[in-house]
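Contents: one structure, followed by commentary.
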Amino acid sequence: MSKVRDYQQLAHSILEAVGGEDNIISVARCATRLRLVLKRSDAKAKDQVAALPGVITVVESGGQFQVVIGQHVGEVYEAFRPLVSLEDGNSDQGTETPKGTILNRIIATMSAVFAPFVYILAAAGILQGALILISLVFKDFAATGTYEVFSFISWAPFTFLPIFIAITAANHFKVNQFIAVACSAALVSPTWAEMAGRITSGESISFIGIALSGTTYTSSVLPPLFLVWLLSYLERFLNRTINDVIKPLFVPFFSMVIMVPLTILVIGPITTLGAEGIANGYNYLAENAPALAGLIIGGFWQIIVIFGVHWGVTPMVLANFEQYGRDSFQAYQTIAVIAQVGAVIGVILKTRNKETKKVGVSAGLTGIFGITEPAIYGVTLRFKKPFIYGCISGAVGAVVASFFKPYYFAYAGLPGPLTLVNGINSDYPSSIVGLLIGTTIALILPIVLIQILGFGEEKVVPVATAPATPMPTQEVSATLTNEETIQAPIAGQVVPLSDVPDEVFASGAMGQGVAIRPTGNTVVAPFTGTVVMIAPTKHAIGLRSTSGVEVLIHVGLETVGLDGEPFTLHVEDGTHVEAGQTLLTFDAAMIEQHGLQTITPVIVTNASSYAEVLTTNTGTVEADTELLTIVK
Numbered sequence: 156m157s158k159v160r161d162y163q164q165l166a167h168s169i170l171e172a173v174g175g176e177d178n179i180i181s182v183a184r185c186a187t188r189l190r191l192v193l194k195r196s197d198a199k200a201k202d203q204v205a206a207l208p209g210v211i212t213v214v215e216s217g218g219q220f221q222v223v224i225g226q227h228v229g230e231v232y233e234a235f236r237p238l239v240s241l242e243d244g245n246s247d248q249g250t251e252t253p254k255g256t257i258l259n260r261i262i263a264t265m266s267a268v269f270a271p272f273v274y275i276l277a278a279a280g281i282l283q284g285a286l287i288l289i290s291l292v293f294k295d296f297a298a299t300g301t302y303e304v305f306s307f308i309s310w311a312p313f314t315f316l317p318i319f320i321a322i323t324a325a326n327h328f329k330v331n332q333f334i335a336v337a338c339s340a341a342l343v344s345p346t347w348a349e350m351a352g353r354i355t356s357g358e359s360i361s362f363i364g365i366a367l368s369g370t371t372y373t374s375s376v377l378p379p380l381f382l383v384w385l386l387s388y389l390e391r392f393l394n395r396t397i398n399d400v401i402k403p404l405f406v407p408f409f410s411m412v413i414m415v416p417l418t419i420l421v422i423g424p425i426t427t428l429g430a431e432g433i434a435n436g437y438n439y440l441a442e443n444a445p446a447l448a449g450l451i452i453g454g455f456w457q458i459i460v461i462f463g464v465h466w467g468v469t470p471m472v473l474a475n476f477e478q479y480g481r482d483s484f485q486a487y488q489t490i491a492v493i494a495q496v497g498a499v500i501g502v503i504l505k506t507r508n509k510e511t512k513k514v515g516v517s518a519g520l521t522g523i524f525g526i527t528e529p530a531i532y533g534v535t536l537r538f539k540k541p542f543i544y545g546c547i548s549g550a551v552g553a554v555v556a557s558f559f560k561p562y563y564f565a566y567a568g569l570p571g572p573l574t575l576v577n578g579i580n581s582d583y584p585s586s587i588v589g590l591l592i593g594t595t596i597a598l599i600l601p602i603v604l605i606q607i608l609g610f611g612e613e614k615v616v617p618v619a620t621a622p623a624t625p626m627p628t629q630e631v632s633a634t635l636t637n638e639e640t641i642q643a644p645i646a647g648q649v650v651p652l653s654d655v656p657d658e659v660f661a662s663g664a665m666g667q668g669v670a671i672r673p674t675g676n677t678v679v680a681p682f683t684g685t686v687v688m689i690a691p692t693k694h695a696i697g698l699r700s701t702s703g704v705e706v707l708i709h710v711g712l713e714t715v716g717l718d719g720e721p722f723t724l725h726v727e728d729g730t731h732v733e734a735g736q737t738l739l740t741f742d743a744a745m746i747e748q749h750g751l752q753t754i755t756p757v758i759v760t761n762a763s764s765y766a767e768v769l770t771t772n773t774g775t776v777e778a779d780t781e782l783l784t785i786v787k
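Each step along the sequence shown adds one to the number in this note's numbering, with nothing skipped, and position 328 is 483.
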């Protein structure tokens, strides 16, 4: 069968599995995934598509049905596109705007807004935890200038959270970032905080005759988010109506003088009340039925993560810290995270499969830092039983902990084992006791269950690092050597693949390799070979060495949405390249201005054809440094 017919057959099979043309709203693609927006989707379709030869896995996120194919996604897209009749614009390869239900749009918005800076909040939370520990050991430390300096550093990201939100929300809603930041900065102005304080003390202050409320916006989430959303409509209106000569001045002028007062008068008070209302509803449950709250969060939190709706609780959690200085949700959330880590450890101890152990170790390590996606997609959900054991253990641990009234007293961007110290507070001594008991149960119980009941390894094929039935590739000459070296394609810091904040790359579903956090902006060929794939948006390149090793270089995460703007190609599809030859250059600052990461996965996509893929350099590399070794 020819390659073309193989791709056409796969395209037909995918379309049939998802319910046919009538069920397709839009179709797009990036460097590795066919992205479908469906009118309706079910688990059966997901399982059927994931089982097709040539499909690595299926991920449903942000309202999209993402079929992970790898370097041959372009050919499958070209075969799939003629099978569906869509209106113009519904198949734009650069579009990342989620379609479908309001819930999906809300989820996608929360993810787009918080994901880029969640590690900043996590780092600040860890610093707060460290200060708590040091203060416990050294009683006078809290009275020192050193403590004060580190304390205001740890609180700064939360104090100026509206500005972080302005940057990422501006990117999501396609708003001028500087206008969005200017408006949000006004909300956290010390002058407004002083005015709000006077209002709450009883003084009456009005704006154009309308009384102002004493709402403050430091650490707030919904007011700046709604501000930028409405600003997107206002800015488009102003850009259409104002003359081009004066537009650069008067678009920001009218945006600020309209949006800031509108937020202070209407948007801020309403959205703040909304966030506080949701928080109060949860708190009522947690205070009056703590065991039920623990059962729900401990047992179902990781299911929420799978469906991508976990960002939706962030405004509620931050509202709790702002109002009360504590939050029980993150306490139970931590127990759920640790339960999945325990499930991974149970698999590592039980399995005899070396590849499963290897994936489990890397996934377990990321879980220690509160990141469970690699553990879920790479281990527990793949075998199903460990995931269920983890959810059960999380529920049991959280219910037991609930009897001790556990709280977090400092926000944790990524709740997990390292943030347990956030539960220490002298006014609530039972909090940390409950957390330690609950997390111990959550960690140990899944290990015990897996050792006794097994985890279904015999029913699952080994961890997929490439398609089970590889997509057709050209024949290559046999090599006489047993090893082949792959050089670093870009200068930077080597990062384990499991630490990449993308579940498909981190889980090893795309293949084996590493990632590089770039210090340069030039991507070069890691070996002598041929360019076999260039993404239409220029952000990813696939190559095949003369001996047949296939490598994908994916510059940044979710950079497909930039439509190729930061990237300049220096080669074409089919070009023969020598090791070290420039493939593309990119504008790192532009990528980061859009709230995206430049971390670059370097993946051996046909790793299953070789005995091992070894990382030979784990430090800082230059573009010609040895990076990986292929053992044949």
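Every residue, glycine too, gets a C-beta built ideally from N, C-alpha and C. Note that the structure is predicted; figures quoted are calculated from it, not measured.
Residue environment, residue i, which counts as buried when at least 16 other CB atoms sit within 10 Å
i, result
"THR692", "buried"
"GLY666", "buried"
"GLU781", "exposed"
"ALA446", "exposed"
"LEU393", "buried"
"HIS731", "exposed"
"ASP803", "This structure leaves residue 803 out entirely; the chain is present only between 156 and 787."
"VAL678", "buried"
"ASN475", "buried"
"ALA200", "buried"
"LEU504", "exposed"
"LEU380", "buried"
"VAL768", "buried"
"ILE365", "exposed"
"TYR544", "buried"
"GLU727", "exposed"
Backbone secondary structure at residue i - three-state DSSP
i, result
"ALA621", "With a pLDDT of 36 at ALA621, under the threshold of 50, the modelled position of that residue is not reliable, and no figure is offered here."
"ARG481", "coil"
"GLY449", "helix"
"GLU800", "A query on residue 800 cannot be resolved here, the shown segment of the chain reaching from 156 to 787 and no further."
"ALA554", "Just to set this straight, residue 554 is Val in the shown sequence, not Ala. Correct three-state label for VAL554: helix."
"GLY568", "coil"
"ARG184", "strand"
"ALA646", "coil"
"MET665", "coil"
"VAL686", "strand"
"ILE401", "coil"
"SER374", "coil"
"GLU358", "coil"
Sub-7 Å separation of residue i and residue j beta-carbons
i, j, result
"ALA498", "THR521", "no"
"GLU477", "SER374", "yes"
"ALA680", "LEU738", "yes"
"ALA166", "VAL222", "no"
"ALA234", "TYR162", "yes"
"ALA321", "VAL268", "no"
"VAL383", "VAL330", "yes"
"GLU658", "ILE785", "no"
"PHE610", "LYS540", "yes"
"VAL555", "GLY525", "no"
"PHE484", "VAL502", "no"
"ALA597", "GLY552", "yes"
"VAL710", "LEU698", "no"
"VAL776", "VAL649", "yes"
"PHE722", "HIS694", "yes"
"LEU286", "PHE305", "yes"
Spatially closest choice to residue i from the options, by CA coordinates
i, options, result
"LEU238", "ALA206, LEU282, GLY175 and VAL204", "GLY175"
"ILE425", "VAL400, THR371 and TYR437", "THR371"
"MET350", "GLY369, ALA341, GLY284 and GLN642", "GLY369"
"TYR562", "TYR544, VAL551 and GLY593", "GLY593"
"SER309", "PHE319, PHE333 and LEU276", "LEU276"
"VAL588", "PRO271, ASN508, GLY719 and ILE490", "ILE490"
"GLY647", "GLY774, LYS509, GLY668 and VAL655", "GLY774"
"LEU342", "ASP654, ARG395 and VAL412", "VAL412"
"TYR820", "ARG507, ALA434 and ILE451", "Beyond the ends of the chain as shown, which are 156 and 787, falls residue 820; an answer cannot be given."
"PRO271", "LEU286, GLY729 and GLY568", "GLY568"
"LEU440", "VAL192, GLN219, SER557 and ALA494", "SER557"
C-beta neighbour in chain B for residue i, strict 7 Å
i, result
"THR773", "In summary, chain B is missing from the structure at hand, where a single protein chain is found."
* Asked: Below 8 Å, can you find three or more Cβ-Cβ pairs linking the region 327–341 to the region 284–299?
  -> At 8 Å Cβ cutoff, the stretches do not touch.
Quiz item: Is it true that the region 353–360 meets the region 292–302, where meeting means three or more beta-carbon pairs spaced less than 8 Å apart?
Solution: Cβ pair count under 8 Å is below three, so no.
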